[in-house]
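Engineer: Structure below; questions to follow.
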Amino acid sequence: MRLAIHTLGTRGDVQPYVALARGLMAAGCEVVLATGARFEGFVTARGVPFAPLPDDFLDLMETPEARAALSGRNTLTWTLRMVRQVRPMMRRLLDDQWAAMGGADAIIYHPKALGSVHIAERLGIPAFCAFTLPGITPTRAFPSPMLPFADLGPLNRLSHELFLRYANNLFREPVNRWREEVLGLPHCRRDDCLHGVLVPRLYGFSPSVVPKPADWDGNSEVTGYWFLDDEEWLPSPSLQGFLQAGPPPVYVGFGSMPLASPVRTTAMVVEALALAGQRGILASGWSGLAAAPLADHVYMLDAAPHDRLFPHVAAVVHHGGAGTTAAGLRAGKPTVICPFFGDQPFWGRRVADLGVGPAPIAFKRLTEAGLMEAITCVTDDDVMRRRADELGARIRAEDGVGTAVAFILDRMAAHARSAA
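Each residue of the sequence shown is one higher than the one before, starting from 110 at the first, in this note's numbering.
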């Protein structure tokens, strides 16, 4: 059985799918993972065959306008401009997805890989939507995680439906033109149906973090996180020395979020740690924090696998990406989330609701005093630390990849029986 996995975005949108690919390969499947060309080394180093997709969206995020928008300035203007810039890029993405199929018997895809369902329709093969946040299946339990609302009551389900309709229509024209000109298919109105039936949805997060809503049916499965562990990494001698020189430090990093003022942000973090009386590990990330001034209580780190680093820290402070949130919670660490945009506020609210961190602080409102108070909260609150430890134990007992693989193989077997 040959499977194609298509995903697009930052490393957080790639790493879980590499874990899923490895799980499917261990179950005897042939897999090709298609994603941004810059991730080829990352994917192939883990033994997963690779096919390139365009890096255009990531290149766009690295522009000065994107940095300013993601830090909270000119967000609406930049978003509208980004949509106009992305539309001409769509044809290349769709063509590259089509070229990457290589005779696959099914496609597993991130929602941003917009050609996936249409390719499955053209080839007559099953498709599975695989996502790391609960944003594709509407529910009354909570609003769409892509919207900045904690609860809309009776409008929760409608918020999902309206956001999905909006997202579906953003690129409807170029997708339909491509369906007609390349796939020879008629125009359609939706990206999530095959022959009028919703594709199965796999959700790679823990039911201990977001329980499966009661109004979801068996076509949407919460599997547990898809973790990709790095068993070969060891801390450098200097990092090892810092860890051993005092109490466990606080990790601070903002992942793939480009900062408009890295030097100023770094200075704020260093001072907040000092005011809280805590040592810190600062992760520079992808164009994130800058080199810190000399300070005995701070260690500047380029990058390290979270699964190996987080067990050595006292707490984690980050942007609220789904993958970083998952790693911190699995390690049993209290968490401070400083969201920028998208689903990050949703994960910040979940952390607070679970009692394993304070209320999220929007990055654009972050101050030395506010960050100091949040760090003090997660390092001094024994009840919060105990809850985080208990949640981490539950997450570590789950097998998200195994559950997802079993779901896919079961549905593939059912498809084969119906086709026979």
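Ideal Cβ positions, reconstructed from N, Cα and C, are used throughout, including at glycine.
Using the Cα positions of Ala136 and Asp519, report the straight-line distance between them to the nearest angstrom.
Structural biologist: 12 Å
Engineer: Using the C-alpha atoms, what's the distance from Met210 back to Ala468?
Structural biologist: 43 Å
Engineer: Going by beta-carbon coordinates alone, are Gly509 and Trp335 separated by less than 7 Å?
Structural biologist: Yes, Cβ-Cβ distance for Gly509 and Trp335 is below 7 Å.
Engineer: Roughly how many angstroms lie between the CA atoms of Phe251 and Glu482, to the nearest whole one?
Structural biologist: 28 Å
Engineer: Run through DSSP, which three-state label would Gly511 get?
Structural biologist: helix
Engineer: Glu330: buried (16+ other C-beta within 10 angstroms of its C-beta) or exposed?
Structural biologist: buried
Engineer: Residue range of the beta strand (DSSP E) that Ala354 falls in?
Structural biologist: Per DSSP, Ala354 belongs to no beta strand (DSSP E) and is neither H nor E.
Engineer: Quick check: the stretch 274-281 against the stretch 360-371, are at least 3 beta-carbon pairs closer than 8 Å?
Structural biologist: no
Engineer: Suppose you measure from the CA of Ala461 to the CA of Gly333; what does that come to, to the nearest Å?
Structural biologist: 20 Å
Engineer: Could you tell me the alpha carbon to alpha carbon distance between Ser313 and Tyr408, rounded to whole angstroms?
Structural biologist: This sequence places Gly at residue 313; Ser is not what is there. Near 32 Å, if we compare the C-alpha coordinates of Tyr408 and Gly313.
Engineer: Quick one, which of Leu112, Asp452, Val379 and Gly430 has its alpha-carbon nearest Gly121's?
Structural biologist: Looking at the Cα atoms, Gly430 is the closest of the given residues.
Engineer: Taking DSSP as the reference, what is the three-state secondary structure of Leu65?
Structural biologist: With the chain covering 110 to 529 only, the question about residue 65 has no answer from this structure.
Engineer: If Ala471 and Pro448 are in contact, beta carbons under 8 Å, what's the gap, nearest whole angstrom?
Structural biologist: 6 Å
Engineer: Looking only at its own chain, which residues have a Cβ that is under 6 Å from the Cβ of Tyr360, when we skip the five neighbours before and after it?
Structural biologist: Ile390, Val422 and Val425
Engineer: Could you tell me the distance, in whole angstroms, from the CA atom of Asp416 to the CA atom of Phe151?
Structural biologist: Whole-angstrom Cα-Cα distance: 16 Å.
Engineer: So what's Ile234 in DSSP terms, helix, strand or just coil?
Structural biologist: coil
Engineer: Note down the Cα distance separating Trp456 from Ile504, rounded to an integer number of angstroms.
Structural biologist: 16 Å
Engineer: I need the boundaries of the beta strand (DSSP E) containing Gly137, first residue and last residue.
Structural biologist: Where Gly137 is concerned, there is no enclosing beta strand (DSSP E), given that its DSSP letter is neither H nor E.
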